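One point on numbering: in our numbering, the residue at position 31 of the sequence shown is 134, and numbering is uninterrupted.
Positions of the beta carbon are idealized from the N, C-alpha and C atoms, including for glycine.
Treat the numbers as computed from the prediction; the structure is a model and nothing was measured.
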Amino acid sequence: MLDKMTEYQHDRRIKKHMKRQKNNSDISQIESCGNDLIELTKEQVKAALTSLFIIQKQNRTVGSRKRRRDKSLDQSLETQTKKQKQIYSNIILSDITQAETIVLATSGLNKKQMKQVKKFVLIFNCHLLLLDEKTTFNQSITHLITDEIDTNDSLVCTLTKNVVFAIVQHCFVLSYRWIIECLQQNSIVNEEQYEIEGDSVFSTKHNGPRRSRLSKRPLMPLNHFMMIKGDSRHFLDFTNSELGDLAWLAGSIYIEQNRFPNTVFSRQCFLLIEDTDVRNKNMFHRCIDKGLKFLRSEWLIRSIVEYRMANIVQYHCDPFDTIDRSE
Numbered sequence: 104m105l106d107k108m109t110e111y112q113h114d115r116r117i118k119k120h121m122k123r124q125k126n127n128s129d130i131s132q133i134e135s136c137g138n139d140l141i142e143l144t145k146e147q148v149k150a151a152l153t154s155l156f157i158i159q160k161q162n163r164t165v166g167s168r169k170r171r172r173d174k175s176l177d178q179s180l181e182t183q184t185k186k187q188k189q190i191y192s193n194i195i196l197s198d199i200t201q202a203e204t205i206v207l208a209t210s211g212l213n214k215k216q217m218k219q220v221k222k223f224v225l226i227f228n229c230h231l232l233l234l235d236e237k238t239t240f241n242q243s244i245t246h247l248i249t250d251e252i253d254t255n256d257s258l259v260c261t262l263t264k265n266v267v268f269a270i271v272q273h274c275f276v277l278s279y280r281w282i283i284e285c286l287q288q289n290s291i292v293n294e295e296q297y298e299i300e301g302d303s304v305f306s307t308k309h310n311g312p313r314r315s316r317l318s319k320r321p322l323m324p325l326n327h328f329m330m331i332k333g334d335s336r337h338f339l340d341f342t343n344s345e346l347g348d349l350a351w352l353a354g355s356i357y358i359e360q361n362r363f364p365n366t367v368f369s370r371q372c373f374l375l376i377e378d379t380d381v382r383n384k385n386m387f388h389r390c391i392d393k394g395l396k397f398l399r400s401e402w403l404i405r406s407i408v409e410y411r412m413a414n415i416v417q418y419h420c421d422p423f424d425t426i427d428r429s430e
């Protein structure tokens, strides 16, 4: 009987202790191991509660800091967006690899037109690549926005290096009126009716940009070998290196060495050079006799711009008045 009373009092003390711990805190724990109960002393409970309070305080502090940081970041982004929408100047430049993303470049636009392009970039979440001597035309660009030399909806642009590179890489070459129309409609409109049809140098209606964009084949046949020579600036102020890039992008085999390789198949060998850089008359005649074609760089550029092979005869390089084969 005494043992039962003692056990009953012991259980009451444990229950009373547990109730007191629960009132003091929401988290006082008693771990169970089988059917045995482990009683915590006051010191153990106090130490556990103190540690738990510190942990909870730290968690609240970390969470508060994160919420404050996120709120501050949101406010900063909101302020930055407002500034961008006011002045259209802070454009993020980046290399984009996603095919569905619109990446713009420009050619020949004035400040007013550039302001509209930057507005377009902000509203439609596109990207603008500003081209300069350090940032050249690359394969990430999807749309080139150009000027127009006539205000009567001519779709004729000023011919620049960027236009040539855009055509050879099958990009959209569009009048800046496409930008204006998208802004007015508040949506991306179809590009085809704003696609450039001609240029200020070769022809006003050759439709080279569209022909290139829709083409699935390179412009040059695989058996066309191209070499670039000369110290002078070429047509449109292209350098030797830039012409070599154009030749390669157009599908020909660009040769940087001074010798064309031997092949088992028939080939066409072209040397792009300006008249003023041809000085050795005898060498010039011997190379022609072997089938090498000396052409001015304008031939390659026109072929790319119109995206069809230009007449070779028209661009033969012949710096000498007569060809004397007897020498």
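Helix, strand or coil for residue i? Go by DSSP, reduced to three states.
i: Y191; result: For Y191, the pLDDT reaches just 40, beneath the cut-off of 50, and the residue's location in the model is therefore unreliable, although a value from the coordinates is still provided. Three-state result, Y191: coil.
i: T261; result: coil
i: L322; result: coil
i: K215; result: helix
i: V165; result: Note that V165 scores a pLDDT of 44, beneath 50, so its modelled location is shaky; the value from the coordinates is reported in the next line. Three-state DSSP puts V165 in a helix.
i: K237; result: coil
i: C420; result: coil
i: V381; result: coil
i: S278; result: strand
i: Q296; result: helix
i: A350; result: helix
i: Q287; result: helix
i: D302; result: strand
i: C390; result: helix
i: A413; result: coil
i: I331; result: strand
i: V271; result: helix
i: S243; result: coil
Quick test of your reading: residue i and residue j, contact by CB under 8 Å. State the CB separation rounded to the nearest angstrom.
i: G311; j: I248; result: About 17 Å; that fails the 8 Å criterion.
i: F338; j: R399; result: 7 Å
i: I205; j: C229; result: 4 Å
i: F275; j: H246; result: 5 Å
i: L207; j: L225; result: That pair is no contact at about 12 Å.
For residue i, collect the residues of the same chain with a Cβ closer than 6 Å to its Cβ; drop the 5 residues on either side in sequence, then sort them by chain order.
i: L378; result: The question names Leu, but residue 378 in the sequence shown is Asp. Taken in chain order, the residues that qualify are C420, P422.
i: H309; result: G301, E409
i: Q189; result: The predicted position of Q189 is uncertain, since its pLDDT is 44 and thus under 50; no value can be drawn from it.
State yes or no: is the C-beta of residue i nearer than 8 Å to some heavy atom of the ligand HEM?
i: S355; result: The model depicted lacks the ligand HEM and carries no ligand whatsoever.
With the cut-off set at 9 Å, would you say residue i and residue j are in Cβ contact?
i: T238; j: V220; result: no
i: I331; j: I376; result: yes
i: F328; j: C260; result: no
i: R313; j: Y297; result: no
i: L262; j: F305; result: yes
i: F432; j: L395; result: Any property of residue 432 remains undetermined from this structure, which presents the chain solely from 104 to 430.
i: L349; j: I415; result: no
i: H273; j: S243; result: no
i: K433; j: E345; result: The structure shown does not extend to residue 433, since the chain spans only 104 to 430, so no value can be given for it.
i: L322; j: R389; result: no
i: R370; j: N326; result: yes
Would residue i pass as an interface residue toward chain C - the criterion being a Cβ-Cβ separation below 9 Å?
i: C229; result: The question asks about chain C, but that chain is absent: this structure has only one protein chain.
Excluding five sequence neighbours on each side, which residues of the same chain lie with their C-beta closer than 7 Å to the C-beta of residue i?
i: F268; result: F240
i: E236; result: none
i: I283; result: Q219
i: K319; result: none
i: M217; result: T209
i: Y357; result: M329, G347, A350, W351
i: Y191; result: Low per-residue confidence applies at Y191: pLDDT is 40, beneath 50, and the placement is therefore not dependable enough to give any value.
Who are the near neighbours of residue i in its chain, counting only those whose CB is closer than 8 Å to its CB and skipping five residues on each side?
i: L258; result: E251, S278, Y297, E298, I299, E300, G301
i: R285; result: At residue 285 the sequence reads Cys, which differs from the Arg that was named. The residues are F223, F227, I291, V292.
i: L212; result: V220, I248, T249, D250, Y279
Any 3 or more C-beta pairs closer than 8 Å across the segment 278 to 292 and the segment 328 to 347: They do not touch, by the three-pair rule.
Cβ pair count under 8 Å reaching 3, the segment 377 to 397 against the segment 346 to 353: Three or more Cβ pairs closer than 8 Å define a contact, and the segment 377 to 397 falls short of that threshold against the segment 346 to 353.
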